[in-house]
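Here is the structure we will look at, set down as structure tokens.
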Amino acid sequence: MVALTFPDGARREYQDGISGLDIAKGISPSLAKRTVAMAIDGDVRDLSEEIRSGGKIEFLNREDPRALELIRHDCAHVLAEAVQALWPGTQVTIGPVIDNGFYYDFFRNEPFTLDDLPVIEKKMREIIARDKPFTCEVWSRDEAKRVFRDKGELFKVELVDAIPADQQIKIYKQGDWFDLCRGPHMTSTGKVGNAFKLMKVAGAYWRGDSNREMLSRIYGTAFAKQEDLDAYLKQMEEAEKRDHRKLGREMDLFHFQEEGPGVVFWHAKGWTIFQELIAYMRRRLKGTYQEVNAPQLLDKSLWETSGHWGWFRENMFMARSAGEATDDDRVFAIKPMNCPGHIQIFKHGLKSYRELPMRLAEFGLVHRYEPSGALHGLMRVRGFTQDDAHVFCTDEQMASECLRINDLILSTYADFGFEEVVVKLSTRPDKRVGTDAMWDRAEAIMTKVLGDISTRSGGRIKTGINPGEGAFYGPKFEYILRDAIGRDWQCGTTQVDFNLPERFGAFYIDHDGSKQPPVMIHRAICGSMERFLGVLIEHFAGHFPLWLSPVQAVVATITSDADEYAKEMTAAALRAGLRVESDLRNEKINYKVREHSHAKVPVLLVVGRKEAAERTVSIRRLGKEGQQVMPLEAALAMLADEAVPPDVRRLRQAA
RNA sequence: GCUGCCGUAGCUCAGUGGUAGAGCACUCCCUUGGUAAGGGAGAGGUCGACAGUUCAAUCCUGUCCGGCAGCACCA
155 MVALTFPDGA RREYQDGISG LDIAKGISPS LAKRTVAMAI DGDVRDLSEE IRSGGKIEFL
215 NREDPRALEL IRHDCAHVLA EAVQALWPGT QVTIGPVIDN GFYYDFFRNE PFTLDDLPVI
275 EKKMREIIAR DKPFTCEVWS RDEAKRVFRD KGELFKVELV DAIPADQQIK IYKQGDWFDL
335 CRGPHMTSTG KVGNAFKLMK VAGAYWRGDS NREMLSRIYG TAFAKQEDLD AYLKQMEEAE
395 KRDHRKLGRE MDLFHFQEEG PGVVFWHAKG WTIFQELIAY MRRRLKGTYQ EVNAPQLLDK
455 SLWETSGHWG WFRENMFMAR SAGEATDDDR VFAIKPMNCP GHIQIFKHGL KSYRELPMRL
515 AEFGLVHRYE PSGALHGLMR VRGFTQDDAH VFCTDEQMAS ECLRINDLIL STYADFGFEE
575 VVVKLSTRPD KRVGTDAMWD RAEAIMTKVL GDISTRSGGR IKTGINPGEG AFYGPKFEYI
635 LRDAIGRDWQ CGTTQVDFNL PERFGAFYID HDGSKQPPVM IHRAICGSME RFLGVLIEHF
695 AGHFPLWLSP VQAVVATITS DADEYAKEMT AAALRAGLRV ESDLRNEKIN YKVREHSHAK
755 VPVLLVVGRK EAAERTVSIR RLGKEGQQVM PLEAALAMLA DEAVPPDVRR LRQAA
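Each residue of the first sequence is one higher than the one before, starting from 155 at the first, in my numbering.
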């Protein structure tokens with residue numbers, strides 16, 4: 155007998171091996187009908203599974219949040235059946251659930267096109283309408299391999315071989331079609347419902363290995379209800395509207411062109427935001443960090459010493475004299491990182507333990523030859539500015555320095571409106587330098603710091619571990635922030651490095667006069683300023699807060715009678731420290747309002763005959779209807795105050 | 001880098017084996033209008049680059065460059 159506890163607290167005994175479905179039927183036929191799966195002690199399982207041990211049982215219906223994964227997984231199976239029905243000979247591989255949907259990878263000589271998707275969807279609806287039950291069978295390895303080999307499903311044979319010996323080979327059938335699958339599934343294909351959509355097609359490597367076959371992947375998504383699907387599609391549209399590449403063009407912030415793949419042409423407005431960002435960071439560093447600047451171009455030998463030439467040569471730009479007849483054939487590399495330069499600065503002159511921690515910061519422009527397929531607007535470029543810093547400290551100072559950096563990073567994000575941040579510790583990768591003892595020590599300290607970060611935030615900051623994701627020279631923290639529409643971006647990073655100081659022979663003189671290697675901590679807050687600005691554009695959807703806005707206000711006239719007053723007002727606003735432009739064009743005010751609204755100018759200062767006579771201004775805010783009429787001086791004082799950056803305001807309030 | 005798709009005016013996009021079109025933007029003229037498009041005229045293109053097929057290529061084929069989506073990569 156097995157003892158089961160129900161969600162209402164009731165406890166009943168059943169015969170060993172009874173299925174969830176039988177239990178549900180015994181309670182009520184309607185429960186059995188609407189139940190798609192069960193959970194035993196929170197573990198989701200097939201409803202038809204035989205129950206061998208007691209515990210807490212729950213019946214899941216389609217609306218249960220835990221059923222969403224099942225709906226998507228089942229939908230992937232339906233997709234696979236549909237594809238094989240339409241194009242016999244196509245091999246199936248894997249079809250997992252991912253964030254926001256699922257995909258299925260197929261092997262086929264002809265790749266799918268977008269035009270195939272509606273055809274496949276139609277076939278899927280037929281399969282769903284047939285409502286065949288999902289049934290699970292356990293096969294022997296040999297049988298599974300034989301059946302799949304006979305069917306020509308060679309990828310499946312490989313998958314069977316990859317399943318660990320202690321795991322069963324489970325086959326899920328839906329009518330005549332079946333697939334190797336870990337499960338669980340719902341009771342039948344009909345439970346998938348019709349709130350699904352195939353989204354796109356793409357190539358993907360078999361088992362994620364770029365040396366293996368390229369498969370044809372179909373992405374889709376599914377929800378319990380049509381409203382949920384519609385809401386999701388709407389959210390996709392919203393993300394598209396915020397695309398920084400589109401907004402960058404529309405707002406005249408930057409552009410890219412063919413001659414400079416992956417490098418940004420910053421226009422005046424974009425560069426204004428960029429500089430405002432850097433000015434903010436500089437203020438935040440003041441008093442703690444020393445800002446330095448290391449050369450752009452350094453002899454290859456330096457990069458050999460640092461190890462970059464060995465590890466990342468494929469991704470570096472090389473430079474040499476372009477002259478034909480020069481006898482100087484030295485090879486230089488354009489810096490891909492700032493650290494070797496900072497180490498040279500640290501090494502210049504003897505350093506005492508009294509000078510540590512020494513914190514060198516640089517807004518360093520680095521270049522990396524990124525694979526062409528990786529380039530993506532400002533988010534992934536070949537030339538970018540890191541808000542980089544290297545802290546040289548003693549072993550004992552390491553933990554407190556990490557925490558100090560953590561405070562800086564979190565408070566910076568908060569100033570841009572990012573409150574939800576996750577910190578992850580990335581541990582030793584396979585490809586690495588340094589002894590295991592070094593890694594053990596570094597990881598132990600970082601793990602402790604990670605715990606401190608969580609407790610100091612009162613649990614607000616979530617933490618996690620990324621096993622094997624560390625840099626080749628040391629473990630790191632990654633700071634992941636969540637934007638206004640719920641997307642996650644990894645920006646900041648703190649990396650401990652026991653390797654580089656040693657490679658360069660950097661040392662400080664300790665109390666006892668001995669030479670000691672410093673610990674080096676690499677840290678970045680925005681990461682790449684270019685990318686961070688891209689994130690900000692999407693986060694704010696182009697509606698920057700006043701202090702960051704490239705054009706904070708436009709003075710727009712209603713009639714040319716107000717031109718003189720408008721010029722006077724523009725001059726006064728500039729004196730008040732505002733970034734302001736004037737629009738005296740011979741256009742109607744409707745037209746001007748529309749145009750500046752599209753350009754996302756936060757404040758419109760509208761003046762007509764009346765305002766000129768009364769020395770007032772009609773203020774219209776971006777995205778809002780209606781206006782506020784104020785005396786000129788009061789309006790400018792209000793805006794100047796509103797344009798104070800958050801950190802400056804904080805300092806003023808503290809004073 | 002790999003797979004697929006794409007490249008026509010500043011932007012968004014039509015279009016055709018006989019060397020091009022719209023809307024917006026731009027310039028000029030009329031209009032001085034009170035909070036998201038007033039009217040008219042004009043100018044603007046080696047149809048991504050280079051080869052090939054053809055009497056003829058922006059269109060068909062190939063190569064390259066660039067972009068988009070995904071994969072792989074990301075010190």
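Cβ coordinates follow ideal geometry from the N, Cα and C atoms, glycine included.
Is THR343 near ARG284, with beta carbons less than 8 Å apart?
-> yes
Give the DSSP-derived three-state secondary structure of ASP162 in the structure shown.
-> coil
Give me the Cα-Cα distance between PHE661 and ILE497, rounded to the nearest whole angstrom.
-> 10 Å
ARG484 burial status per 10 Å Cβ neighbour count (16 or more: buried) = exposed
Could you tell me whether the Cβ atoms of VAL351 and GLY374 are closer together than 8 Å?
-> The sequence given here places Lys at residue 351; Val does not occur at that position. Cβ distance < 8 Å, so LYS351 and GLY374 count as in contact.
Three or more beta-carbon pairs under 8 Å between the region 443-450 and the region 476-496, yes or no?
-> yes
Between ALA596 and VAL650, is the Cβ-Cβ spacing less than 8 Å?
-> yes
Three-way DSSP call (helix, strand, coil) for GLN706 in this model = coil
Could you name each continuous beta strand (DSSP E) segment of 3 residues or more that falls completely within the region 717-747, going from the start of the chain to the end?
-> 734-737
Are the beta-carbon atoms belonging to ASN348 and ILE282 less than 8 Å from one another?
-> yes
For MET155, which option in GLY171, LYS395, PRO161, ASP253 has the closest C-alpha, if you only look at C-alpha atoms?
-> GLY171
Assign GLY762 to one of three DSSP states: helix, strand, or coil.
-> coil
Cβ contact check for the region 675-695 and the region 720-734: 3 or more pairs under 8 Å | no
If you run the structure through DSSP and keep just helix, strand and coil, what is ILE248?
-> coil
Rounded straight-line distance, which links the Cα of PRO799 to that of VAL757 = 17 Å
Quick one, which of VAL535, TYR386, SER460 has its alpha-carbon nearest PRO415's?
-> VAL535
According to the Cβ coordinates, are LEU759 and ILE773 closer than 8 Å?
-> yes
At what residues does the alpha helix (DSSP H) containing TYR567 begin and finish?
-> 552-569
Nearest to LYS379 (by Cα), restricted to the options LEU564, GLY762, ALA221, PHE686 = ALA221
Got a sec? Which residues, its chain only, sit under 6 Å from ASP549 by beta carbon, not counting five neighbours each side?
-> VAL673
Sequence ranges, alpha helix (DSSP H) only - wholly within the region 488-529, length at least 4 = 493-501
Which whole runs of the alpha helix (DSSP H) in the region 224-298 are 4 residues long or more, in chain order?
-> 270-284
Would you call PHE377 buried or exposed, if buried means 16 or more other Cβ atoms sit within 10 Å of its Cβ?
-> buried
Classification of TYR326 by the beta-carbon crowding that lies within 10 angstroms, buried from 16 upward = buried
What span of residues does the beta strand (DSSP E) with ALA422 cover, start to end?
-> Per DSSP, ALA422 belongs to no beta strand (DSSP E); it is in the alpha helix (DSSP H), 422-439.
Is the CB-CB distance between ASP228 and MET340 below 8 Å?
-> yes
Between which two residues does the alpha helix (DSSP H) carrying ILE773 extend?
-> Unbroken run through ILE773 is the beta strand (DSSP E), 770-775; no alpha helix (DSSP H).
Through-space distance from ILE317 to GLY820, alpha-carbon basis | Outside the shown range of the chain (155 to 809) lies residue 820, about which nothing can therefore be said.
Cross-strand partners of ARG534 (DSSP beta bridge) | HIS530
Quick one: give me the first and last residue of the alpha helix (DSSP H) that ILE177 is part of.
-> 174-181
With DSSP as the reference, label ASN469 as helix, strand or coil.
-> helix
Close-in-space but distant-in-sequence residues of the same chain around GLY208 (CB under 7 Å, 5 per side omitted) = VAL156, ALA157, LEU158
Along the chain, which unbroken stretches of the beta strand (DSSP E) at least 3 residues long are found entirely within the region 295-375?
-> 323-328, 331-334, 350-359
Can you name, in chain order, every residue of its own chain whose Cβ lies under 8 Å from the Cβ of LEU451, other than the five neighbours on each side?
-> ALA473, PHE486, ALA487, ILE488, LYS489
How do the region 617-636 and the region 583-601 stand: do at least 3 beta-carbon pairs fall below 8 Å, yes or no?
-> yes
Return the chain-ordered list of same chain residues with a C-beta closer than 8 Å to the C-beta of ARG763, the five sequence neighbours on each side being excluded.
-> ILE712, THR713, ASP715, ALA716
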